[in-house]
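Sequence lines, in order, name chains F and G.
Position in the first sequence (from 1) plus 66 gives the number in my numbering.
Position in the second sequence (from 1) plus 1308 gives the number in my numbering.
We put the CB at the ideal spot given by N, CA and C, even for glycine.
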Amino acid sequence: MQNLSEQLPAKIKTVWRISALIVFVCGLIVWAILAWVIGHFDWPSWLNYPAGILVVGGFALELTLVPYRYRFWRYQLTATDVEIESGFIFHQQTAVPISRIQNVTLQAGPLFQLFGLQTVEVETAATSHEIAGVLPATAEQLKQQLMALAQQEDLDES
Amino acid sequence: MKAKHLHPAALLYFGYHSLKEGLVWLFAILAFNFSDKLTRWALWLGLAVSVLLVGSAILKYLCFRYEINEREVVLYSGIIFRRQTHIAYEKIQTLQTHQWFYLRPFGLLSLQIETSGHSSDEAEAILPVVSHQVLAEIRAYRDVAKNGAPDSLAKSAEELTEKQAGGAHYRIKARDLNLYALTSLGVVPLLIGIWVIYDRVTEVLPQKYVDSTAATLAHQSVLFLLGLAVFLLAFSLLVSYLMVVNRYFHFEVRQEKQQVITSKGFLQQNNVTASLAKIQAVVCSQSFLRQSLRLATVQIVIASKTADEEKDDNLVLLPVLNQGQALSRAHEFIDWLPPTAQGLELVDGRGRWRILRNSLLPTAIAAATCSTFWWPYGAWSLAVLPLATWIGYYAGTNTGVGLASNDVLLAQKGHLLTRKLYLIPKAKVQSLSQKQTPWMKKAGLSHLIIRVRAGNRAERVEVRYLPMDKVSGIYEWYKRGADQ
């Protein structure tokens, strides 16, 4: 497998870290509630440890994996297809020919909006594939290109 | 044409469906009174429910109308929430009819129209009871719509007429049907079904009946219980055999005007018309049992639900054939299909070993855990190890990929002792992935994931532990000609 040309914008790393932080805070709240329940209802107190390890360890792991995730997440758009690549342990590369694409969706959650990023989702007759986090200009260009190419194809064929 | 009502016999159809829905309520009323005699209010309630059911059936019939014009079929339905379904002829993927034996003398049938829309599991349109003329009318309109539109797969006019004249045809022989039914592993789901029904019944029945039955059984001799088990098994086998014979009775398939038409069934005759251009893939499958008898089944994958109860969503093209002939016979019906599986390359020793390991290792760990924690009875779990070895070995020796031509991809898997060979035209592969771990990269291996549309969902065919260069070759092949 050859690495694809385009990387996600570097600020996606910040978004990932922030979302990891949000998950961590939520985890902490759940842990606090658990600790209170344990004290109040005389549940076995050792339950605190696995919960704590899960919350703190999960957060630490998530943070450490951010640079790796960033490094291996790549995409590429040519005249005939979209390619998406991700993962280090399970390294996967997918080709979606533009002639198979049925529709393209752009979306952005609150965090993505704050950082000016967008998710591009391409859908075929069978599956959907996502490029998570590109700059709006890139997203727009991607969409334009996909739609222009898709319009040339006979959509009734599939 | 003005919108019409269905044939009056459809009242029975709606009545039957109302009854099926209402039976739960009637049963609930009955269950509340199980210990007592029927009280008066229960009787009144039962009567009220019955009237409601009959009334709703009649209302449903009155509200259901259909219209057939040059452009589309329109369905009007719903009592409170009015629904209008429009189906353009060009979008029809399959036309399916069901005809119960008692409706045959009257020339009535149930018609199902399917498109590739994937909003629900049901067919887009069901006309429960209509006459043969309606079917003929829709078919005629559809043929006009299809031939008017440019069709990339349509051949020249001469070739088309030649096809029509000598269209391929296959009819199952009695011996083959018998063999097919005998080798069907349908008894396994049937036994599970019996167990589920038993489970439900014991849940619904009051506890005292269950207990007394259990007590009666417990007093019987071992011989009697063994006899009962054997009887149940033999009975299930017989039922499964009869079910398959009933479903595939007089199985027939023919090619006509770029369509394949299959018909089958004894008590209920089932007829499916599918357009050749809409075929997403062809699957040639063999369970280990049929493989040992050198028999194979050919199915076609279509982008709509064809509601074939035995085998997921796929439509059976040729139920049972000698494995050497299967593809060459299927080729007569489907032009692009290669007559043999030439080009398929099975995984090598490295891949076989890893597939075996993946099957064996989790089982071994589970069995070891069971044996340690529940010694000595847990050690019985070690008995599954030979089975896991067999499954893993089977999977390993039956996995492979290849290119049959520049347009057809071959992929074979051996999942749970059933070998499946997928033959997929390049134009119908929706997306393709290659996947590997760092360790696989070192060993020069890679997985290949092929996604095609099947029924109302995506079928993901993952062929594992293939040589890396083979996989990247196929990946490049797919990208290269994707726009053709």
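**Message:** I need the straight-line Cα distance from F/Pro210 to G/Arg1479, nearest angstrom please.
**Reply:** The sequence given here places Gln at residue 210 of chain F; Pro does not occur at that position. Cα-Cα distance, rounded: 52 Å.
**Contact the region 1484-1496 of chain G vs the region 1624-1631 of chain G: 3+ CB pairs below 8 Å** = yes
**Request:** Tell me, please, which residues DSSP counts as bridged to G/Ile1587.
**Result:** Residue pairing by DSSP places G/Ile1587 opposite G/Ile1610 in a beta bridge.
**Prompt:** Are the beta-carbon atoms belonging to G/Ile1387 and G/Leu1367 less than 8 Å from one another?
**Reply:** yes
**Item:** Straight-line Cα distance separating G/Gln1631 from G/Val1442
**Value:** 39 Å
**Message:** Give me the residue from G/Gln1633, G/Gly1659, G/Glu1653 and G/Asp1656 with the minimum Cα distance to G/Pro1647.
**Reply:** Per the Cα distances, G/Gln1633.
**Request:** State yes or no: is the beta carbon of G/Arg1637 nearer than 8 Å to at least one beta carbon in chain F?
**Result:** no
**Message:** Quick test of the definition: if touching needs 3 or more C-beta pairs under 8 Å, does the region 1578-1587 of chain G touch the region 1551-1570 of chain G?
**Reply:** yes
**Request:** Report the option in G/Ala1542, G/Val1538, G/Leu1383 and G/Leu1575 whose CA atom is closest to the CA atom of G/Tyr1556.
**Result:** G/Leu1575
**Request:** For my contact list, G/Thr1705 and G/Lys1721 are in at a C-beta cut-off of 8 Å; report their separation, rounded to the angstrom.
**Result:** Not a contact, Cβ separation roughly 11 Å.
**Prompt:** Start and end of the alpha helix (DSSP H) containing F/Glu128?
**Reply:** Asn114 to Phe138
**G/Ser1544: contacting residues in chain F (beta-carbon distance under 9 Å)** = Those within 9 Å of G/Ser1544 in chain F number zero; the least Cβ separation is about 36 Å.
**Request:** Examine the Cβ distances between the region 142-161 of chain F and the region 1710-1725 of chain G and report whether three or more of them are shorter than 8 Å.
**Result:** no
**Prompt:** When the Cα atoms are used, what is the spatial distance from G/Lys1328 to G/Ile1642?
**Reply:** 41 Å
**Prompt:** If F/Thr193 and G/Arg1447 are in contact, beta carbons under 8 Å, what's the gap, nearest whole angstrom?
**Reply:** So it is not a contact: roughly 33 Å between Cβ atoms.
**Item:** Beta-carbon neighbours of G/Thr1745, restricted to chain C and to distances below 8 Å
**Value:** Of the protein chains in the structure, F and G, none is chain C.
**Nearest-angstrom Cα separation, counted from G/Glu1378 out to G/Leu1370** = 25 Å
**Request:** Starting from G/Arg1759, find everything on chain F with Cβ-Cβ shorter than 8 Å and list it in chain order.
**Result:** Thr190, Ala192 and Thr193
**Asked** By Cβ distance, which residues of its chain are closer than 8 Å to F/Gly153, with the 5 residues on each side in sequence left out?
**Response** Phe138
**Item:** F/Glu128 to F/Arg83 span [Cα, whole Å]
**Value:** F/Glu128 and F/Arg83 have their C-alpha atoms roughly 8 Å apart.
**Message:** Please list, in chain order, the residues of the region 84-107 of chain F that have any C-beta partner in chain G closer than 8 Å.
**Reply:** none
**Request:** Could you tell me whether any Cβ in chain F is nearer than 8 Å to the Cβ of G/Leu1740?
**Result:** It does; some Cβ of chain F falls within 8 Å.
**Item:** Sequence ranges, alpha helix (DSSP H) only - wholly within the region 1620-1698 of chain G, length at least 4
**Value:** Segments of the alpha helix (DSSP H) lying fully in the region 1620-1698 of chain G: 1631-1641 and 1657-1681.
**Item:** Unbroken alpha helix (DSSP H) run spanning G/Trp1352, endpoints
**Value:** Taken as a continuous stretch (DSSP letters only), the alpha helix (DSSP H) holding G/Trp1352 covers Arg1348 to Cys1371.
**Prompt:** Alpha carbon to alpha carbon, how far is G/Leu1490 from F/Val121?
**Reply:** Their Cα atoms are separated by approximately 56 Å.
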